[in-house]
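Reviewing the structure listed below.
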Amino acid sequence: MLTLKAPEGDTFVAIVDGGASGDPKEVVAAAWKRFDPGLARRIRLVTKAAATEGWNEAWTVDYETSPNEKLVLFARAMRHGDGWTVVLARGSEATFEKRAGAIRKIGESLRPAGLKPEDFVGNTALPVDAARREQLKAFWRDAMAAYGVPGIGYAFIDRGGVVEEGGIGVKTIGKADPVDAHTRFMIASNTKGMTTLLLAKLVDRGKLGWDEPVVEADPAFRLGDASVQREVQIRHLICACTGMPRQDMEWIMTGGLDTPANKVLSLLAGMKPTTKFGEMFQYSNPLASAAGYIAGHVDYPRMDIGHVYDRAMQIEILDPLGMKDTTFSKAVAVAGNHADPRDIGMDGTVALGTIDKSDSIYFARPAGGAWSSAHDLARYALNELREGVLPSGGRLVSREALLARRNLGMEIGEAATYGMGLQTSRRWGVAMVYHGGAMPGYKTDWIVLPDAGIGIVLLTNAELGTSLLDQTRRLLVEILYGARLEASAVMKTRAAALRAEYAALIVFLELVSSNTTSR
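Here our numbering is used: the first residue of the sequence shown is 10, the next is one more, and so on.
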């Protein structure tokens, strides 16, 4: 048995040899007896999990906890041949969130003994021809049906150009208007990489330096910890590396369409890190939004920071890339060709969502407030593949400044790191640069394979669109490099597990209702 303990002392992950028993629940129960003989928890749910990385079978066991405990407690049993391996996880919600990157790495790198990970280093990717594009679109249609996704906007890039763009499904539940390549979706955190492109342009011009202390660029910059405040450089603002915690509720509960942009800086002044600088991946939206506002302030020092960010992005990034659909204005976005969000109830029922749920991000929009289309986001992804060279042959930004955004590299999983609003992965030996975006009812992603010159943009108007996006990255490796076929099975298994979750919740709600009315 191998036990991994978080430095906080309140969170453990144990890896236990489960032997050759045929029943996963019995295997898990025996593993808990070895790790924690005194554990006495009722099982809430047992669901079949996705078997990947050489495992033949996998199950997840979730346990009942109370909200006040703020406890994470589950087990994962995985079988290879006749032998089981069990992962036991127990700890505080806060530590699990704080150390999510390290915990993800444990799960992604755990394989049967003797099995080497797939490695396609040096292999040449197949082209994204019409047949392979149809394979991807067929997968998306299946996933849309499985997860209740009304519509997607997509674009395919191959060898330096967009080879296809369009839409599947509808913009609004209950209506027939189809999604097309110019349909706007809220792209949420995909805004971050665009913000760091603005930083890169200012670095090229000598207006900022990646190593420049933020307090020198903007003396008004404040954090709740003076020592970290002095240490933060421009490159650190969107690196998720400063130790600043996520703290989303602070901006979600205080933000709105009329909230001034400088409110972000006020929030940061009261926030303190919860891990050491550079120790752990922790995602801070307020800190990321400060990056955009500081960039705008440096470019236009005498204007309101909200307006100058919008203006700088339009002039320096959106106009040169030809991103005419992209806007930071909700009014502009919803007045034209846009997708409405799809929400999901506690019982799993599908309903039309409300765009107003995302209003809180607008005062922090450099971190996630842009609306864009598949057509436009493909132009942004192409810029990443072309390393800053515009279609005209001119340069948006220098190669050095653009690629600097992929550096730093806080670990977020196996062979995966986070740079400046960009994620880089070399899992399976395939280089990928990508990022996702999530706001209520919208889940979006873009992916480029720099060595292959290939990219995909995928925008969804559904709360459960993430599962479709995640497996698209795996499916690309299967289609282009001949990897084991896993993506489709994982997508379907996760959908079934989700249905089981909702079914269990319905039973619980009915039980609560029955107990309440009988009193």
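For glycine and all other residues, C-beta sits at the position ideal for the given N, C-alpha and C.
Own chain partners of residue i with C-beta closer than 7 Å, once the 5 adjacent residues on each side are dropped
i           : result
residue 367 : 195, 448, 449
residue 319 : 337
residue 226 : 217, 243, 303, 307
residue 522 : Model confidence at residue 522 stands at a pLDDT of 43, short of 50, so the residue's coordinates are unreliable; what they give is reported in the following sentence. Excluding positions up to five away in sequence, the list is empty.
residue 406 : 206, 209, 210, 213, 397
residue 466 : 163, 164, 383, 386, 387, 390, 455
residue 502 : 57, 58, 59
residue 233 : 278, 279, 280, 281
Close Cβ partners of residue i (< 6 Å) along its chain, the five nearest in sequence each way excluded
i           : result
residue 87  : 64, 67, 94
residue 230 : 223, 224
residue 276 : 259, 295
residue 190 : 174, 175, 383, 384
residue 268 : 372
residue 199 : 444, 446, 453
residue 461 : 134
residue 418 : 426
residue 519 : Note that residue 519 scores 46 on pLDDT, short of 50, meaning its location in the model is unreliable; the coordinates nonetheless yield the value given after this. Result list for residue 519: empty, nothing under 6 Å.
residue 292 : 249, 255
Best match in the options for proximity to residue i [C-alpha to C-alpha]
i           : options            : result
residue 535 : 118, 213, 405      : Residue 535 lies beyond the range of the chain shown here (10 to 528); nothing can be said about it.
residue 243 : 304, 330, 189, 271 : 304
residue 219 : 235, 247, 199, 232 : 247
residue 483 : 439, 406, 401, 508 : 439
residue 344 : 44, 172, 192, 393  : 192
residue 141 : 160, 129, 126, 166 : 166
residue 20  : 282, 33, 111, 334  : 111
residue 263 : 369, 477, 334, 352 : 369
residue 82  : 48, 114, 261       : 48
residue 437 : 126, 38, 103       : 126
residue 392 : 108, 172, 375, 464 : 464
residue 181 : 109, 471, 233, 499 : 471
residue 451 : 197, 38, 322       : 197
residue 77  : 23, 89, 101        : 101
Counted within 10 angstroms of its Cβ, other Cβ atoms place residue i as buried (16 or more) or exposed
i           : result
residue 294 : buried
residue 69  : buried
residue 11  : exposed
residue 236 : exposed
residue 29  : exposed
residue 347 : buried
residue 390 : buried
residue 508 : exposed
residue 485 : buried
residue 75  : exposed
residue 477 : buried
residue 239 : exposed
residue 326 : buried
residue 1   : A query on residue 1 cannot be resolved here, the shown segment of the chain reaching from 10 to 528 and no further.
residue 330 : buried
residue 241 : buried
residue 381 : buried
Range of the contiguous alpha helix (DSSP H) that encloses residue i
i           : result
residue 82  : Looking at the DSSP string, residue 82 is not in any alpha helix (DSSP H); the run it does join, the beta strand (DSSP E), is 80 to 89.
residue 438 : Element bounds for residue 438: n/a, residue is neither H nor E.
residue 302 : 294 to 308
residue 181 : It is not in any alpha helix (DSSP H) - residue 181 carries neither H nor E in the DSSP assignment.
residue 144 : 139 to 156
residue 115 : 109 to 118
residue 203 : 200 to 213
Nonlocal neighbours in the same chain, by C-beta distance under 8 Å from residue i, ignoring five residues either side
i           : result
residue 183 : 361
residue 178 : 153, 158, 159, 160, 161, 187, 188
residue 516 : Reliability fails at residue 516, whose pLDDT of 49 lies under 50, so the model's placement of it is uncertain and the value that follows must be treated cautiously. None.
residue 481 : 145, 148, 149, 454, 456, 465, 467, 496
Start-to-end residues for the beta strand (DSSP E) that takes in residue i
i           : result
residue 22  : 21 to 28
residue 44  : Residue 44 -> not in any beta strand (DSSP E); alpha helix (DSSP H) instead, spanning 33 to 44.
residue 451 : 451 to 458
residue 164 : 160 to 167
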